[in-house]
Amino acid sequence: MTRKGELTGVLMENYPPFSFLNAQNQLDGFDVDVAKAVAQRLGVKLKLETPSWDVIAAGRWSGRYDICVCSMTPSKARAEVFDFPVEYYQSPAVIVVNAQNKDIASGKDLSGKKVGVISASTYESYLNKDLVIEGAEDKPLKYPFDQVQVAPYDNETVAFQDLALGNGVRLDAMVTNLVTARERIAQDPRFKIVGETLYAEPNVVAIEKGDGEWNAKVTQVVAQLKADGTLGKISQKWIGADISQ
Numbered sequence: 007m008t009r010k011g012e013l014t015g016v017l018m019e020n021y022p023p024f025s026f027l028n029a030q031n032q033l034d035g036f037d038v039d040v041a042k043a044v045a046q047r048l049g050v051k052l053k054l055e056t057p058s059w060d061v062i063a064a065g066r067w068s069g070r071y072d073i074c075v076c077s078m079t080p081s082k083a084r085a086e087v088f089d090f091p092v093e094y095y096q097s098p099a100v101i102v103v104n105a106q107n108k109d110i111a112s113g114k115d116l117s118g119k120k121v122g123v124i125s126a127s128t129y130e131s132y133l134n135k136d137l138v139i140e141g142a143e144d145k146p147l148k149y150p151f152d153q154v155q156v157a158p159y160d161n162e163t164v165a166f167q168d169l170a171l172g173n174g175v176r177l178d179a180m181v182t183n184l185v186t187a188r189e190r191i192a193q194d195p196r197f198k199i200v201g202e203t204l205y206a207e208p209n210v211v212a213i214e215k216g217d218g219e220w221n222a223k224v225t226q227v228v229a230q231l232k233a234d235g236t237l238g239k240i241s242q243k244w245i246g247a248d249i250s251q
């Protein structure tokens, strides 16, 4: 990667405030700035691509991409195709409903409801009650709901659009990242967060499996960005708090 002088990163195009297209139609956000900082520390140019999340999460990139600074949560299934050099932030999972909703106040109220999530995400695994968070196997997750109708989306913006149509029109609720939800609600009062945090998950930098030298280099660079306060500053800029610790 350093030999070619360019770092090719992947992330989502519609996941504010982590990655999104700004008013100038340029990629912006927390993950974008972290990827830029990694490239800068490596002394190379950054090239960002935005394939679908299914393509990103499936791995086996065959050298097309070098790195995913894209809010990925580690799992045993993903560990078969990825190495996870380092965690770079923690994120709580929450329930979002239409602002007019009076039926859902907590996790137990999701029973029998149609709930939108990003496809192939940990949120989907959680609603299917088969989520295992890598490195936290000793902390059993709580599933306060019975059977849920899981509605996977490739694009979270579309899920929010469906939820905005009204209670039960297309969705009853969504499960997503607290930070993402707050960002959306700040711009659109048609939504609200209900209940307690469902669980918190680590978000890691991911690379293709098997390159020990690249793994060690990414670990070193992100550790430096944490130690010198760069990650903390990026976090304060986009989140209003330091979630990098």
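Plus 6 on top of the position in the sequence shown (first one is 1) and you've got my numbering. Quick reminder that beta carbons are idealized off the backbone N, C-alpha and C, glycines included.
| Asked | Found |
| --- | --- |
| Give me the Cβ distance between LYS119 and GLN155, rounded to the nearest whole Å; I'm assuming they're in contact under 8 Å. | 7 Å |
| Just to confirm before moving on: does the CB-CB distance between PHE166 and LEU116 stay below 7 Å? | no |
| Spatial neighbours of ALA105 within its chain, please: C-beta separation below 7 Å, excluding the five flanking residues on both sides. | PRO195, ARG196, PHE197, LYS198 |
| DSSP state of GLU143, grouped into three classes? | coil |
| Near THR163, what residues of its chain come up, given a Cβ to Cβ distance below 6 Å and the 5 sequence neighbours on each side ignored? | ASN20 |
| Could you check the C-alpha separation between ALA170 and VAL123 for me, to the nearest Å? | 15 Å |
| When burial is assigned at 16 or more other CB atoms within 10 Å of the CB, is GLU143 buried or exposed? | exposed |
| Measuring CB atoms only, is the region 203-214 touching the region 69-83, in the sense that at least three cross pairs come out at less than 8 Å? | yes |
| At which residues does the alpha helix (DSSP H) containing ASN134 begin and terminate? | Unbroken run through ASN134: none, as it is neither H nor E. |
| Let me check understanding here. Comparing Cα to Cα, which of GLY15, PHE88, TYR94, PHE24 lies closest to PRO208? | TYR94 |
| Does the beta-carbon distance from VAL15 to LEU54 come in below 7 Å? | One point to set straight first is that residue 15 is Gly, not Val, in the sequence displayed. In contact: GLY15 and LEU54 (Cβ atoms closer than 7 Å). |
| By a C-beta neighbour count over all protein chains shown, 10 Å radius and 16 as the cutoff for buried, is GLY35 buried or exposed? | buried |
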